[in-house]
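Worksheet for the structure shown next.
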Amino acid sequence: MIRFAVIGFLLCCYGCGSGTQKPKENIIGPNNEEIIEPIQEVVIAPVIPPGAITANFNGDDDPFYAYVKGVNMEKGITRIAFEELPNFQLAIPETYGASLQSLQFPGFDRDVLLISAKLKDPAFTKYFVYVFRNNQWKQVVNGFAIHKSHLSDTLVPIRVDSTNNNNVLRYYSVFDLDNTNHQGYVWRLLTESIPILNR
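Quick note: the sequence shown uses my numbering, first residue 771, plus one each step.
Okay, structure coming up:
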């Protein structure tokens, strides 16, 4: 009887001690377990073209970018394109390249686009100011040119006239005969206050 008790005790100890077993390892052949990895969503940021500017041109606080799409040197046309408005391009005649800048005018509910265009005569830069209204790009004022001798990093070529909010104050260069100059002429930088065409 003691023999049966000892054998029973040993069986009980053996059964209790073997509760954790190693997982079966695949010794021969390939492992057929399927491993499922989580799918990682890759977010690709939009590529902004070189020289592009981003601004609130629509007035809805949803900015988009504008960029110089191309220049036809033979015909003298610079094309300006827009991220959110692929069907609305500006074709600036008699220009050979441009740089873009956005301006914020007091009294305007959106940013305006300032185009600094290169002309055939490299001594001048011509400026165009556009606002996007009613699904159209409209000029704020007619284009105007400034001679390179008047250009500086601090010169803002156009701004709202502080004495009359319905006008803009713009700079422009004019040719003036001058007998005191060895060339017989000078380029003068003038300003004028003119009405805003499309507010």
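C-beta atoms are modelled at their ideal positions from N, C-alpha and C, and glycine is treated no differently.
Give the DSSP-derived three-state secondary structure of K890 in the structure shown. Here the question's residue 890 lines up with position 120 in the sequence shown. If DSSP states are grouped into helix, strand and coil, K890 belongs with coil.
V901 and V911 closer than 8 Å at C-beta: As a working note, residue 901 is residue 131 in the sequence shown. As a working note, residue 911 is residue 141 in the sequence shown. No; because the gap between Cβ atoms is not below 8 Å, this pair is not in contact.
From T970 to F875, what does the alpha carbon distance come to, in whole angstroms? Outside the shown range of the chain (771 to 969) lies residue 970, about which nothing can therefore be said.
Please confirm whether D881 and S872 have their CB atoms less than 8 Å apart. What you label residue 881 is simply residue 111 of the sequence shown in a count that begins at 1. What you label residue 872 is simply residue 102 of the sequence shown in a count that begins at 1. Yes; because the gap between Cβ atoms is below 8 Å, this pair is in contact.
Any idea if V812 is buried or exposed, counting beta-carbon neighbours within 10 angstroms, 16 or more meaning buried? Position 42 of the sequence shown, counted from the start, is the residue given in the question as residue 812. The residue in question, V812, is exposed, as its Cβ has fewer than 16 Cβ neighbours within 10 Å.
So, is S943 buried or exposed, given that buried needs 16 or more other C-beta atoms within 10 angstroms? Translated into positions along the sequence shown, residue 943 becomes position 173. Result: buried.
Test item: CB-CB of P965 and N935 under 8 Å: Here the question's residue 965 lines up with position 195 in the sequence shown. Here the question's residue 935 lines up with position 165 in the sequence shown. No. Outside cutoff.
Counting only runs of 3+ residues fully inside the stretch 864–913, write out the beta strand (DSSP E) ranges in chain order. 868–873, 882–888 and 894–903
Reference T848; option with closest CA among L884, V838 and D832: The residue labelled residue 848 in the question sits at position 78 within the sequence shown. Per the Cα distances, V838.
Candidates F858, E854 and I850: which alpha carbon is nearest T970's? Residue coverage of the chain in this structure runs from 771 to 969, which leaves residue 970 outside it and unanswerable.
In the DSSP assignment, find the unbroken beta strand (DSSP E) run with L939 in it and report its ends. Along the sequence shown, one-based indexing puts residue 939 at 169. Per DSSP, L939 belongs to the beta strand (DSSP E) from N937 to L947.
Given I862, which residues of its chain have a CB within under 6 Å of its CB, disregarding the five upstream and five downstream residues? Locating residue 862 in the sequence shown gives position 92, counting from the first residue. Around I862: T848 and A887.
Which residues in the same chain as R929 place their Cβ atom closer than 7 Å to its Cβ, once the five residues preceding and following it in sequence are excluded? Looking up residue 929 in the sequence shown gives position 159. Once the five neighbours on either side are set aside, the close Cβ partners of R929 are V938 and L939.
Using three-state DSSP, classify K918 as helix, strand or coil. Residue numbering aside, residue 918 sits at position 148 when the sequence shown is read from its first letter. DSSP places K918 in helix when its eight states are reduced to three.
Taking the alpha carbon of L921 as the point to measure from, which residue in N949, Y897 and Q953 has its own alpha carbon closest? Within the sequence shown, residue 921 is the residue found at index 151, counting from 1. The residue with the shortest Cα to Cα distance from L921 is Y897.
Exposure of I885, with buried meaning 16 or more beta-carbon neighbours within 10 Å: Here residue 885 refers to the residue found at position 115 of the sequence shown. Answer is buried; the Cβ neighbour count reaches 16.
Alpha carbon to alpha carbon, how far is D832 from A868? Here the question's residue 832 lines up with position 62 in the sequence shown. Here the question's residue 868 lines up with position 98 in the sequence shown. Roughly 24 Å separates the two Cα atoms.
Determine which residues share a DSSP beta bridge with T950 and list them. If you number the sequence shown from 1, residue 950 lands on position 180. Paired residue(s): none; T950 is not in a bridge.
Ranges of the beta strand (DSSP E) found wholly within the stretch 833–868, counting only runs of at least 3: 834–842, 847–852 and 860–863
Hey, would you say the C-beta of Q906 is under 7 Å away from at least one heavy atom of the ligand GTP? No copy of the ligand GTP appears in this structure; indeed no ligand is present at all.
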